[in-house]
Structure formats: structure tokens, C-alpha cells
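Undergrad: Counting from 7, one number per residue, gives the positions in the sequence shown under my numbering. Using N, Cα and C, we set each Cβ at its ideal position, and we do this for glycine too. Take this structure first; my questions come after.
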Amino acid sequence: MKTDPELSASHFIDGQFIDVSGVSIGKGFEVYEKAQFWWLRASHGVSISHRSHGSTSQCQDPGKVFKGKKMAGHMGAANVTVQNLKVIKTESDEGYIYVKGAVPGPKGSWVLLKDSVKNHYLQIFLFLQL
């Protein structure tokens, strides 16, 4: 079996577009950020349940919670790919790649850099100018 050649910073050139994959920052158990709810009032009959989500369904009819209902749950810590980020500068001897844009994940996390999937026409034009 053939193995892929080792990829280094010299593979990428200045001005090239790349896709960056990583694990997003974990937010833990969220109610308001995830579902975009608003807190319940501090008065008018609301006691103890200011941070609850409120009603989840209607009455006896339909008698169920519809699929896709916004509810609390785990947020973040998911695989994310950001496409078409531009390589600003590469330092091959030190292995640094400077990218313009939002790179997924917390500081110090591992990311996967790939050649851009959707922007290959711009890459061909860029390589022809070299």
C-alpha cells in the first residue's frame, strides 16, 4: 500500500485558500445561548423558575411535543470545518502557517489544514501566475 507523503508548511503558498477543520470550543449544558430564549420575568407569578424554558407544547390537542422543539442541551465541542480561509504567510523553516479568518477550536488545539474544495478555480489562477 502507498502512504501519503508527509505534508509540511512548504505545501501551502501565500494567497492560497484552504479549509480548516477542528473541534469547536465546548460550552457545556446551555439553555439560553443554544435555544435563544429569554429569561422569565422576575414578577407576575413567576417563582423559582426564572431560568426555565417555559412551555414545551400546547394543550391536550395535539398532546405531544413537536420534533425540532428548541430545548436545553449540550452546546459546542463539535467537529467544524471553516472553508476558504486565505493563507497570509508561511514560514517553512519553522512550520508556521498564518491564516486570515476564524480557526475553530480553543487555543492550542489541533486543526487539520486541507486545500480548498470549493475555491479551486482561484487556486489554478494563482498557480498560473507564479
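Distance check for Ser16 and Gly32, CA to CA, integer angstroms please.
TA: 32 Å
Undergrad: What ranges does the alpha helix (DSSP H) occupy inside the region 30-76, keeping only unbroken runs of at least 4 residues that lie completely in it?
TA: 38-41
Undergrad: Are the region 75-91 and the region 21-37 touching by the rule of at least three beta carbon pairs closer than 8 Å?
TA: The region 75-91 is in contact with the region 21-37.
Undergrad: Give a yes or no on contact between the region 66-73 and the region 86-98, applying the rule of three or more CB pairs nearer than 8 Å.
TA: no
Undergrad: What is the residue span of the beta strand (DSSP E) that Ile19 lies within?
TA: Premise fails: Ile19 is in no beta strand (DSSP E) and is neither H nor E.
Undergrad: Going by alpha carbons, who is nearest to Val29 out of Pro112, Tyr102, Gly101?
TA: Pro112
Undergrad: Using alpha carbons as the reference points, say which of Trp116, Lys76, Ala78, Asp25 lies closest to Thr87.
TA: Asp25
Undergrad: Using 10 angstroms around the beta-carbon of Phe18, count the other beta-carbons present and answer buried if the total reaches 16, otherwise exposed.
TA: buried
Undergrad: Restricting to Cα atoms, I'd like to know which of Val105, Lys92, Ser122, Ser61 is closest to Met77.
TA: Ser61
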